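K.L.:
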Amino acid sequence: MSYATEIRGPLVLGNKKLSQVSEDIISPIDSRPGKWWFIAMFVASLMLVYGAYALYITLTVGIGTWNVNNSVAWGWDIINFVWWIGIGHAGTAFSIFLLLLRQTWRTSINRAAEAMTVAAVICAALFPLIHMGRPWLFFYIAPYPNTRGPLWVNYNSPLFWDFMAISAYLLISASFWYLGMIPDFATIRDKTSSRIKKMVYGILSFGWTGSSREWIRYESVGFVLGGIAAVLVVSVHSIVSTDFASSVIPGWHTTLFPPYFVVGAIFSGFAMVMTLMILIRKIYKFQDYVTYGHLDAIARILVFVSLIMGTAYLTEIFLAWYSGNEYEGFLLFRSRITGPYAYEFWAMFICNALIPQLFWSKRIRNNLTLAFIISLFINVGMWYERFNIIVTSLSRTYLPSVWVSYHPTYIEVGLYLGTMGLFSTFVLLFFRFVPMIAIHEVKSVLKHNEREHGMGELKNGDQ
Amino acid sequence: MSGGKKYYQHIRELEPGGFVRKNEAATEMKAKADILTLLDGSLTGPASRRSFLKLAGFSTVLATVLNSCEKPIHKAIPYLIKPEEITPGLSENFATSFFDGEEFCSVIVKSRDGRPIKIEGNPGSALSKGGTSARVQASVLGLYDNDRYHTPLKNGKEISWASADDEIRNKLNEIREKGGRIVLLSSTVISPSANSIIRDFLSAFPSASHITYDTASCNGILLANEKSFGIRAIPSYHFDKAELIVSFDADFLGNWISPTEFISQYASVKKLKDNHDKMVRHVQFETGMSITGSNADTRFPIKPSEEKSILISLLNAIGGRKAENAEPLSDNVAGLADELSRSHGKSLVVSGSNDPEIQLIVNRINHLLGNYGKTLDLGRPVYLRKGIDADILNLVDEMNKGSIDALLIVNTNPVYHYPESEKFVSGLKATALSVSLSVSPDETSALCGYVCPGNHYLESWGDAQPAQNHFGLQQPLINPVFSTRQWEESLLRWTGNTTGIQDYLKKFWESNLFPRQQNKRRFYDFWVTALQGGIFETELSGSGHPDMNDTGEISVHEKQEGIELHLYQSVAMATGRHANNPWLQELPDPVTKAVWENYASVSPRFAADNGLEDFDVIKINDTIALPVLIQPGQAYGTISVALGYGRMDTGNVANGMGVNVFPLATIAPGHIGLSRSGVTFSRQGQKHTVARSQVYAEMQGRPIVRETTLEEYRKNPESGNELHREIEKKGVTLYDKPKYDGFHWGLSVDLNSCTGCGACIIACQSENNIPVVGKTEVSKFRIMHWIRIDRYYAGNPDQPDVVHQPVMCMHCDNAPCENVCPVSATPHNNEGLNQVAYTRCIGTKYCINNCPYKVRKFNWFQYAKNPKFDYNGNSDLGRLVLNPDVTVRERGVVEKCSFCSQRIQEKKLKAKLDNRVLNGQEVQPACVQACPAKALVFGDLNNSENTVTRNTGNERNYYLLEELHTLPSVGYLTKIRNRNT
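In the order they appear, the protein sequences are chains A and B. Start counting the first sequence at 281; every next residue gets the next number (the working numbering). Start counting the second sequence at 391; every next residue gets the next number (the working numbering).
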């Protein structure tokens, strides 16, 4: 059986029956994971332990154990924060924009993308917390009624907006992700033979019965949450960008930043989705669900976004020259393009603006190994982009007397590896305990195709 | 307690003692015992509901108490009876005199609750005019140095004063009886009363002699003046009366004779007053870039050996005695000779050389130029640095011959700084009785049989006579912290005199100084006035200016080949006397901005020719390894190294920091030379990073320091500062300029008179409890100073122009730091001050990033009470220097210059008590008060009478990065160079 849409052809391959879909997707949860899973988990835990050690040192001794200083006061901490939050964009962007635009091809991918979002945002949220000098007083940033006047937070500060935006985003994306899983948890509950699993998934599914009334309410909640989240996807990274754009520092003070950051975030997020989906497809042999068509669509988006990124980089350079601002000109031309940070600048430019152009070729798009490598390059490039913005700008500000170079300490590297470990652990647990593909949504695609094109008909042929 | 309750009738029954601290321990023990019985009762006995409730209640209370007491409570015990003159919380000020053997400064010491905490200059002093130097500012920390000697020692073991006195007196008497030689070796003693005590000592021990050994002596000047004028003295220099200053390696703004006095004089003729377009011109010939050279209008890098030949040519060009084989006259020297001749009687030529021959040439030049009696004056001799190098050279020879029986060492450390240290050590070993009267441990006292530790100057009575008609009094601010005794008093005891030093001093003043004045009839009045003011000045005695009587030949100059080494005194360390002072160790060198150690400075071209890079370790003369630092302005083919580092035996802070280069000094016939020719060096292939507070030194064409020449300035006072008017004109904003109804505090910095000496940095550190962070942290760019002095080079790296720019918080009226703080921890007050609420700060560091001036500093670690930062903040004694008016910041908060808001508050309260309006000018932040050049001016910008308001209205005024529209409250006056016209 094969079901095909008019434009994209079949969304699910392999002539699946409805029950087959459930079995295929739940089987990794029901069976014992392969050896690779334990090895991966071990490596992830090692990174996590290193990260925990770094965190312990950071909290007990102070952020003096990092190499940030009185000129470059933000370093790897904020680079990693922005990087993770960027990655955390794709899931929501993916599900919500495509949901609102009724793009049904998202169904095999959105679950994994959303899970990734939640993991990435949790990793991201760690950094603003520990980059504080006195993290135990972090609650000062929340506007709560108090007896000190009352003393309110500074509503003018982008960091406060940032705090609100990220917490809202984390809340909404986690709810949206969880909401999407409720019917699937019910499916697992119904299918599993283990009593413990039955109980756990029973609780997780909130007693879902699958009645029509439930489905109607379920879908409307989905749309409402989606509507809110769609705004947040744009606002979160715009607001993160105001941390920089609203400052007076050359290289930060740029009106281009909000769109540039949002697009950059979607770029890195989609690249991460691609990395992850290729892995899932390969490991769990989900090629019937995650088809070439899906990866092709992601690759097309990436090539388009990469053009926007390139345009943004060139606009920044052009404006640095055109504005005649000597400080910005110096930063762009004599610290980034040439100068002490040329390596980082060109790494960013090549990884983000040039390498993804390979996706113009259909052969490269359909070569999963190459696509996988390119998606990694994009994430490396996006890390360098944040390095460029944060470190190069701060180390070459107005007064040359305070110029200084910055390299991380092993503690800062440890924190970064730690969040990678946390992310990997989270993803591995997700592989193990949660349906990686939204079962009910895939089924809806099956049904949809059935009605429009009839069973067993082949319209666009095989890929 | 489970056996029944004990009822008490009075709360005192529970506390066996009274209100005394020692009983608290007993009370605590009792409380512990009670808790144990309570527990016992409930655990072993029948567990009644009552005991359960007791236990539950107790644990709830305990949990609450433990949770709410996060910090131990230190009790401050108030006075039971308030002493009449002390009001807790108010400071008292006492005038005294600072003299460390080299530098003299009249000071006023601020004392809080019985402990001195801050040094200020004495504005009544005709010498320093209220200025101080970094070393004077830092001296208060020396008082609280835990590494000082705590008791007398005999062969390194503790001994009582009584037995030390007995033993030493007996030994001295024995030596006297057998006619052995006793030598009192000291650095220059300028105290008339101490000199009188020394005279008493010498007459009590006829075989004794007093030898003065100055580490950086004025041997050359003294001997040359003896030859030229017949008096062995240093003249008074009047840089303020000169229109043209030519200095040959005399670092008179850094370490030469009396730098604080000279900075004050120099700055007064560098300042451009309204409608006053006269300004001194300063030409400097020197090897390494010194602070003096960095302020010169024209500077010529020369090798040390070239000094003499240039001076000879200059002398010849001016028309003096021709010397044979003089170097051909260079254009520079010819032009200079011309300039000098034009400013007859208004010029001043000085040389820092120790060679009497060179000083003789300088004397002749000054004589020919008619400067004697005008810009330099032997009629008013200066009594600093009286040591003659030959004396110590002879002494070391005699010590090695074994002809010295007793050596008493006061305030000098030859084992460390005598060039042939091992000779001194062997001589010391051959001396039967060696007594050190040093204040703090040093390399010499470590080898002495007895150590009879002296007092810090803030614990001492004394006086000083820095110049013939100028006297200073010294009074103690505190009882000796340790079991120490003034060296003068020790000498008195050993002669058998039991008079106390205070009485001796008073008697000395009564019989010697009281008669020299007519104002006060009674000695008591005279004494009290002098003690309160700290200063006593009399008429000059003597017979006016001596005549020049010099007919000697000047020897032919021999040309030297090869690389030359030049040893200099750094502004922070000088001769290493205060090396154990962490504030000074962490004071960035005014020129190189390096801290905590010394290094070999080489010129950029020389480095390129020899393949040297910054931090390459080189070994000089195969003995001393040092990292290279490329220094613009260094003479080609020379290496400059700072003295004063590499202390080994003085204390935790200094030991092992840097390298001692005194062994590279030369012993020429008759004098100790601080330069050496024919030096070799070899690369060691290693790197050693020198921590610097500023790494990049070029302004990149940015309008950071604006400067012009005097000529341009005369044509247009606005020259060099055209940008200011343009920005004022074109600046557009949607918002009104903020208005302040009461005060609007502001500061003005005159870049023309700021010499970059760094006194403000230490003053600020002392006033505002700024922690020392150590070399590693400085190299990570985490130095905590609230005020820094940026130094930029411009032009040819071999002969660069240098500028010094003090940068502190600008207190912007449109501050970028304020609106980015998420928790409003850095608000603006209604007097234009940008404040930091430490308790509110959570340390996002966003304000640091967004400050264009980068003046905000972060507490990366817990700096106080942290063994990893083992400086004064980590010892109970060292923390006594803290200013109680200023919070000690904890880990994780941002701090920065507050314009000394505690001082503003203090003056406001004072004015309120006096029921008057405060004149903003009365407030002086620590940096402003300390500045010997008066380059910083503070006041109320709303008061048009205040100097700061006049300065900010001056054509020369501009604001740093004013194009950002941050509206700073700190204005800068352009720098003006007096080029050759």
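Even for Gly, the Cβ is constructed at its ideal location relative to N, Cα and C. This one's a predicted model, so the numbers in the text were calculated from it and none came from an experiment.
When the distance is taken between beta carbons, is B/N988 closer than 8 Å to B/T1040?
P.N.:
no
K.L.:
Which residues, in order along the stretch 1237-1253 of chain B, keep a beta-carbon less than 8 Å from a beta-carbon of chain A?
P.N.:
I1238, N1239, N1240, P1242, Y1243, K1244, R1246, K1247, F1248, N1249, W1250, F1251 and Q1252
K.L.:
Could you pull out every residue in the same chain whose Cβ sits closer than 7 Å to the Cβ of A/V362, ignoring the five residues on either side in sequence?
P.N.:
V520 and R666
K.L.:
Quick one: is B/P1206 near chain A, going by C-beta distance under 8 Å?
P.N.:
yes
K.L.:
Quick one: give me the first and last residue of the beta strand (DSSP E) that B/S991 is part of.
P.N.:
A990 to V992
K.L.:
B/L1351 touches chain A at which residues, Cβ-Cβ below 7 Å?
P.N.:
Y678
K.L.:
Considering only residues of the stretch 641-686 of chain A, which uninterrupted alpha helix (DSSP H) runs meet the minimum length of 4 residues and lie entirely inside it, listed in chain order?
P.N.:
642-645 and 648-667
K.L.:
Let me check understanding here. Comparing Cα to Cα, which of A/S685, A/F610, A/S673 and A/I691 lies closest to B/N1240?
P.N.:
Taking only the C-alpha atoms, the option nearest B/N1240 is A/S673.
K.L.:
Establish whether the CB of A/F407 and some CB of chain B are separated by less than 8 Å.
P.N.:
no
K.L.:
How is the beta strand (DSSP E) around B/E475 delimited, first residue to last?
P.N.:
B/E475 -> no beta strand (DSSP E), and no H or E assigned at all.
K.L.:
Once you ignore the five residues that flank A/E732 on each side, which residues in its own chain have a CB closer than 7 Å to its CB?
P.N.:
Confidence is the limiting factor: at A/E732 the pLDDT is only 47, short of 50, which leaves the residue's position unreliable, though a coordinate-based value still follows. Once the five neighbours on either side are set aside, A/E732 has no close Cβ partner at all.
K.L.:
Sorted by chain position, which residues of the same chain lie with C-beta nearer than 6 Å to B/A1044's C-beta, five sequence neighbours on each side aside?
P.N.:
A969, N970 and R1037
K.L.:
Counting contacts by CB-CB distance shorter than 8 Å, is B/D1191 in contact with chain A?
P.N.:
no
K.L.:
Taking the C-alpha atoms as reference points, what is the distance between B/N869 and B/E482?
P.N.:
16 Å
K.L.:
Secondary structure at B/K1247, three-state DSSP: helix, strand or coil?
P.N.:
strand
K.L.:
Rounded to whole angstroms, what's the CA-CA distance from B/F1005 to B/L957? Just pull it up for me.
P.N.:
Each residue's CA atom was taken as its position, placing B/F1005 and B/L957 some 19 Å apart.
K.L.:
Can you name, in chain order, every residue of its own chain whose Cβ lies under 8 Å from the Cβ of B/G1063, other than the five neighbours on each side?
P.N.:
Result list for B/G1063: N744, D745, A1055, T1056 and I1057, in chain order.
K.L.:
Identify the continuous beta strand (DSSP E) that holds B/D1275 and give its terminal residues.
P.N.:
Looking at the DSSP string, B/D1275 is not in any beta strand (DSSP E), and its letter there is neither H nor E.
K.L.:
From which residue to which residue does the beta strand (DSSP E) around B/I1057 run?
P.N.:
First-last of the beta strand (DSSP E) with B/I1057: T1056 to A1058.
K.L.:
At 3 residues or longer, what runs of the beta strand (DSSP E) sit wholly inside the stretch 497-566 of chain B?
P.N.:
505-511
K.L.:
Taking the alpha-carbon positions, what's the B/S496 to B/L863 distance?
P.N.:
If I take the Cα positions, the gap works out to 8 Å.
K.L.:
How is the alpha helix (DSSP H) around A/G549 delimited, first residue to last?
P.N.:
Unbroken alpha helix (DSSP H) run through A/G549: F537 to I563.
K.L.:
Closest by CA to B/V1283, which one among B/W986, B/R1246, B/P1017 and B/Q1292?
P.N.:
B/R1246
K.L.:
Any heavy atom of the ligand NAD inside 7 Å of the beta-carbon of B/Y1183?
P.N.:
Inclusion of the ligand NAD in the displayed structure is not the case, the ligand content being empty and no account of it being possible.
K.L.:
Strictly under 8 Å for the Cβ-Cβ distance: is B/I635 near chain A by that measure?
P.N.:
It does not; no Cβ of chain A falls within 8 Å.
K.L.:
Verify the CB distance criterion: does B/E764 have a CB-CB separation below 8 Å to chain A?
P.N.:
This sequence places Lys at residue 764 of chain B; Glu is not what is there. With 8 Å as the cut-off, B/K764 does not count as an interface residue toward chain A.
K.L.:
From B/N1370 to B/E1101, what distance separates their C-alpha atoms?
P.N.:
10 Å
K.L.:
Do you know offhand how far B/R1082's Cα is from B/I1152's?
P.N.:
Looking at the two C-alpha atoms, the distance is approximately 17 Å.
K.L.:
Which residue marks the beginning of the beta strand (DSSP E) containing B/R1066, and which one marks its end?
P.N.:
S1065 to V1069
K.L.:
Going by Cα to Cα distance, which pick from B/D503, B/T541, B/I1029 and B/Q1024 is closest to B/I1010?
P.N.:
B/I1029
K.L.:
Hey, B/F652 and B/F642 are a contact pair by Cβ (cut 8 Å); roughly how many whole angstroms apart?
P.N.:
Between B/F652 and B/F642 a beta carbon distance of about 4 Å is seen, short of the 8 Å cut, so the two are scored as contacting.
K.L.:
Compute the distance between the beta-carbons of B/A657 and B/A1149, then report whether it is under 8 Å.
P.N.:
no
K.L.:
Closer than 8 Å by beta-carbon distance: list the chain A residues that pair up with B/Y1381, in chain order.
P.N.:
Residue numbering for chain B in the displayed model covers 391 to 1371; residue 1381 of chain B lies beyond these limits and cannot be assessed.
K.L.:
Going by DSSP, which residues form a beta bridge with B/R1181?
P.N.:
B/H1194
K.L.:
Mind pulling the alpha helix (DSSP H) runs of 4 or more residues that sit fully within the stretch 972-1014 of chain B?
P.N.:
972-975 and 994-999
K.L.:
If you compare alpha carbons, which of A/R712, A/I421 and A/A320 is closest to B/T1234?
P.N.:
A/I421
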